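Down below is the structure, laid out as structure tokens.
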Amino acid sequence: MGSPLLVMYGSQTGNSRMVAKEIGETAAKHGHAVRVIGMDEFKKVNWEEEPNLVCICSSTGNGDPPDNAEKFFRFCKKKTTPPVFAKTRFAVCALGDSNYEEFCLVGKEIDRHLARLGGTRFLKRCDVDEVDGIETHVEPWSARLFDALRALPPVESQPEVATGSPAVSPQPPPPPHTAPTVEGKGDEEEAAAEEEAVGRSAAAPLLARVTTARWLSSDTSATDPKRVLHVELDVREGGGWVSGFEPGDALGVLPANAPAEVLALLEHLGLDPSAPLEVGGAPPAHLRASTGAPLTCRDAFSTRLDIGSVSVWPPLPLLKLLHASLCAREALRPEIESAGDALLRTLVATAAAGGAQGRQAHARLQRERAPLLELLQRLECTPPVAQLVDCLPPLAPRYYSISNAASADEGKVHLCLSVVSYTTEGIDGRRCQRAGLASSMIARVCAPLLDGAKPAEPVMLSVYRREPSGNELRLPASPSTPVLMVGPGTGIAPFRSFLQQRRFKWSRGKLGPCHLFFGCRAEHVDFLYGAELRAMASSGALSLHTAFSRSREACSAGTWRGVRLNIPYVQDLIEEQASTVANLLFTQASGGHFYVCGDGQSMANDVHEALCRVTAAQLSISLSEAEERLKSLAAEGRYCREIWN
460 MGSPLLVMYG SQTGNSRMVA KEIGETAAKH GHAVRVIGMD EFKKVNWEEE PNLVCICSST
520 GNGDPPDNAE KFFRFCKKKT TPPVFAKTRF AVCALGDSNY EEFCLVGKEI DRHLARLGGT
580 RFLKRCDVDE VDGIETHVEP WSARLFDALR ALPPVESQPE VATGSPAVSP QPPPPPHTAP
640 TVEGKGDEEE AAAEEEAVGR SAAAPLLARV TTARWLSSDT SATDPKRVLH VELDVREGGG
700 WVSGFEPGDA LGVLPANAPA EVLALLEHLG LDPSAPLEVG GAPPAHLRAS TGAPLTCRDA
760 FSTRLDIGSV SVWPPLPLLK LLHASLCARE ALRPEIESAG DALLRTLVAT AAAGGAQGRQ
820 AHARLQRERA PLLELLQRLE CTPPVAQLVD CLPPLAPRYY SISNAASADE GKVHLCLSVV
880 SYTTEGIDGR RCQRAGLASS MIARVCAPLL DGAKPAEPVM LSVYRREPSG NELRLPASPS
940 TPVLMVGPGT GIAPFRSFLQ QRRFKWSRGK LGPCHLFFGC RAEHVDFLYG AELRAMASSG
1000 ALSLHTAFSR SREACSAGTW RGVRLNIPYV QDLIEEQAST VANLLFTQAS GGHFYVCGDG
1060 QSMANDVHEA LCRVTAAQLS ISLSEAEERL KSLAAEGRYC REIWN
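Read in order, the letters of the sequence shown are residues 460 to 1104 in our numbering.
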């Protein structure tokens, strides 16, 4: 029998959970007494009885922990946390996206703090770049992990581990054990009460009434991939925590799958929408109502289970289940072997088998992103419901930058969001139209307000204010500090809150220079909050620089010898204002702050390169030296980016 092994995961969209489950299954095959739990259960663990720990954790946003890892992350970082991992050997697998500045930051920090708190690292951390494909990194690391576990000395031979410690068995889990803390009982009870307050977390959301919804873009047809929606919510019932937000904060929105798709899926699975979802034994936490009872099938598949929106969709455990279900069906009825989509069946089988070819097949399926119902229908497959539920990622909250200052519209939260639609490549070469989950839900819920009719019932959204992590965009403490903001499209959202805060909190005489670089397709199409911005500019409170990339005649726009012609972007505006930008950022008396918010796939990198060229040219230094100057700005908290893909 292998040694006991605890696998913990911190997962926002299900990727880390998927990896943790795979490692747990492999560990069980190797004979380990293994348990796989979410990091939100860390207080139930008696660390003195956990000789081996594997942590799998993703990073979200700008280096923030997933919701279910936030408390464990804070516990590890806290200076007063005792060395609780002194008897624990550990290994960490960090998941992230290299397009983000703080790549794998949370996993890196957990790895560092586990060692600081007495843990012994038995395998070098693995940093998984989701851009390359998760399995590309995880498969070789998993092999090294089990080699390293086999090479570890028995627990009894380690002097720091007490002999005779009880082994950890897969069932039942160890008794609840609160992680050591220096806080008093009163502090813990107060913290618990705060965490349960309405509007403070996804577990206790605020049901907020939508008071206003309007389109900010002129093209509101469903075929437009850049429809932009402005939404205002009344959050007064959430108390000071929600309504007392700061500029730069984000609002979490709990999404729901489309009702028609959920009902069709339940019909395919043969489930009664109003019946409790039976998954065997006690239902997992994310499938329980606030009363502790199981959710109905409709509620579980509507609000708790992701059926096609996560970044790595379809997840590998689902593909393995579908393949096993197909094999079982064909073993019983060989005559229906050819049923369903043959090409899809082949790719599912190849992906489930793993290896290089399996990764290629998985990547091809991910390019198509066929949702669960479509996969089941095309495969003519109905897997066991309990196993299916176990394979599906939890439905994660979506975060949107708050686009107003609390002082500008008391008791209200404004959101500015693109209603996402995109096209994917089908495995047979066809083009498939897909829609973003949360943004489409918000537009669907707000439809009565958008139509101009008085809704028969209040329009409501489940929301909460996200706990600040310290990585948010924040205005400088002094209003006289120069501010330069780059926010094309919906990247304008946090900067609208900045501008309102400056207007309502400080007198005009105290304000330093403020520049906004905004870009969109055309002035008459999607110049978001254009009237507001122009009014601020005309009053002298703002220097507004705009780039309308599709405002010229189509025949005059394009490229010639690698040079863009008549297609201006925000990076061009920065170079046009080179002397002003450099003076405000690098003149000692100024100490300006430079902010970027928006698309991380191209815009943020293009803006960075433009800023680097401006720095080099204006300071008469090399590009490599300019990069170092920008790194110094970032280290000082004066070059801040909030980007997404």
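A virtual CB, placed ideally from N, CA and C, is assigned to each residue, including glycine.
The model shown is predicted, which means the values in this text are computed figures rather than measured ones.
Comparing alpha-carbon positions, which option in F544, C585, H572 and A545 lies nearest C563?
Here residue 563 refers to the residue found at position 104 when the sequence shown is read from its first residue. That would be C585, whose Cα lies nearest to the Cα of C563.
Tell me, to the nearest whole angstrom, how far the beta carbon of R1097 is from that of G1050; I am working on the premise that it is less than 8 Å.
Taking the first residue of the sequence shown as 1, we reach residue 1097 at position 638. Taking the first residue of the sequence shown as 1, we reach residue 1050 at position 591. Correct: roughly 7 Å between the Cβ atoms.
Exposed or buried, P618, counting other C-beta atoms within 10 Å across all chains shown (16 or more means buried)?
Here residue 618 corresponds to residue number 159 of the sequence shown, with the count starting at 1. Note that P618 scores a pLDDT of 43, beneath 50, so its modelled location is shaky and nothing firm can be said.
Could you pull out every unbroken beta strand (DSSP E) segment of at least 3 residues lying fully inside the stretch 949 to 1014, listed in chain order?
973 to 979 and 1002 to 1007
Bridge partners for D1124 per DSSP, in chain order?
No answer is possible for residue 1124: it lies beyond the span of the chain, which begins at 460 and ends at 1104.
What do you get for V590, buried or exposed, if any count of 16 or more other CB atoms within 10 angstroms of its CB means buried?
Taking the first residue of the sequence shown as 1, we reach residue 590 at position 131. V590 is exposed by the Cβ-count criterion.
Label R603 either buried or exposed according to how many other C-beta atoms from any shown protein chain fall within 10 Å of its C-beta, with 16 as the threshold for buried.
Walking along the sequence shown from the start, residue 603 turns up at place 144. With fewer than 16 other Cβ atoms within 10 Å, it is exposed.
Between H689 and C875, which are expected to be in contact by the criterion C-beta below 8 Å, what is the C-beta distance as a whole number of angstroms?
For the purposes of this step, residue 689 is taken as the residue at position 230 of the sequence shown. For the purposes of this step, residue 875 is taken as the residue at position 416 of the sequence shown. Contact flag correct, Cβ pair sits at about 6 Å.
Between which two residues does the alpha helix (DSSP H) harbouring I901 extend?
Reading the sequence shown from its first residue, position 442 is the one you call residue 901. L896 to V904 is the extent of the alpha helix (DSSP H) around I901.
State buried or exposed for W887, treating a residue as buried only when at least 16 other CB atoms are found within 10 Å of its CB.
Counting from 1 along the sequence shown, the entry for residue 887 is found at position 428. A small correction: the amino acid at residue 887 is Asp; Trp does not occupy that position in the sequence shown. Exposed: under 16 other Cβ atoms inside 10 Å.
Identify which residue in M919, S966 and G929 has its Cα closest to the Cα of P938.
The residue given as residue 938 occupies position 479 in the sequence shown. Residue S966 is the option with its Cα nearest to P938.
Please list the terminal residues of the continuous alpha helix (DSSP H) segment that includes H572.
By one-based count along the sequence shown, residue 572 stands at place 113. Residues L564 to R575.
What number of angstroms, rounded off, separates the C-alpha of P953 from the C-alpha of I861?
The sequence position of residue 953 within the sequence shown is 494, counting from 1. The sequence position of residue 861 within the sequence shown is 402, counting from 1. So the alpha carbons of these two residues sit roughly 6 Å apart.
Among all the DSSP beta bridges, which residues are the ones paired with W674?
In the sequence shown, the residue the question calls residue 674 occupies position 215. DSSP, once it has assigned bridges, lists L688 as partnering W674.
Looking at the strands, I want to know which residues DSSP matches up with R884.
Position 425 of the sequence shown, counting from 1, holds the residue named residue 884. Contrary to the premise, residue 884 reads as Glu rather than Arg in this sequence. R890.
Terminal residues of the continuous beta strand (DSSP E) containing A709?
What you label residue 709 is simply residue 250 of the sequence shown in a count that begins at 1. Element bounds for A709: A709 to V712.
From this set, S956, V738 and G885, which residue's C-alpha is nearest S866's C-alpha?
Residue 866 sits at position 407 when you count from the first residue of the sequence shown. Ranking the options by Cα distance to S866, first place goes to S956.
Thinking just about the alpha-carbon of each residue, which of S921, V922 and V945 is nearest to the one in L932?
Indexing the sequence shown from 1 puts residue 932 at position 473. For L932, the closest C-alpha among the options S921, V922 and V945 is that of V945.
Taking all protein chains shown into account, decide if Q892 is buried (16 or more other Cβ within 10 angstroms of its Cβ) or exposed.
Against the sequence shown, residue 892 aligns to sequence position 433. Its Cβ having fewer than 16 others within 10 Å, Q892 is exposed.
Counting Cβ pairs, one atom from each stretch, are 3 or more of them under 8 Å apart for the stretch 770 to 781 and the stretch 878 to 887?
no
Roughly how many angstroms lie between the CA atoms of E642 and P718, to the nearest whole one?
The residue you call residue 642 lines up with position 183 of the sequence shown. The residue you call residue 718 lines up with position 259 of the sequence shown. Residue placement at E642 is poorly supported in this model, since its pLDDT is 43, which falls under 50; the coordinates still yield a value, given next. Taking the straight line joining both Cα atoms gives about 45 Å.
Could you have a look at L728 and say whether DSSP puts it in helix, strand or coil?
Position 269 of the sequence shown, counted from the first residue, corresponds to residue 728. Correct three-state label for L728: helix.
Taking the alpha-carbon positions, what's the T640 to P935 distance?
Position 181 of the sequence shown, counted from the first residue, corresponds to residue 640. Position 476 of the sequence shown, counted from the first residue, corresponds to residue 935. Low confidence applies here, because T640 scores a pLDDT of 40, under 50, leaving its location unreliable and the question unanswered by this model.
Determine the contact status of V922 and G711, defining contact as a CB-CB distance below 8 Å.
Residue 922 sits at position 463 when you count from the first residue of the sequence shown. Residue 711 sits at position 252 when you count from the first residue of the sequence shown. In contact: V922 and G711 (Cβ atoms closer than 8 Å).
Pick out whichever of L803, L832 and E833 has its Cα sitting closest to the Cα of H821.
Position 362 of the sequence shown, counting from 1, holds the residue named residue 821. Ranking the options by Cα distance to H821, first place goes to L803.
Relative to the C-alpha of V674, which residue among L908, S1079 and A723 is closest?
Translated into positions along the sequence shown, residue 674 becomes position 215. Before going further, note that residue 674 is Trp rather than Val in the sequence given. The residue with the shortest Cα to Cα distance from W674 is L908.
So what does DSSP say about S517, is it helix, strand or coil?
Locating residue 517 in the sequence shown gives position 58, where the first residue counts as 1. It is a strand residue.
Inspect the beta-carbon positions of S899 and K685 and report whether they are closer than 8 Å.
As a working note, residue 899 is residue 440 in the sequence shown. As a working note, residue 685 is residue 226 in the sequence shown. Not in contact: S899 and K685 (Cβ atoms no closer than 8 Å).
The beta strand (DSSP E) with K1170 in it runs from where to where?
No answer is possible for residue 1170: it lies beyond the span of the chain, which begins at 460 and ends at 1104.
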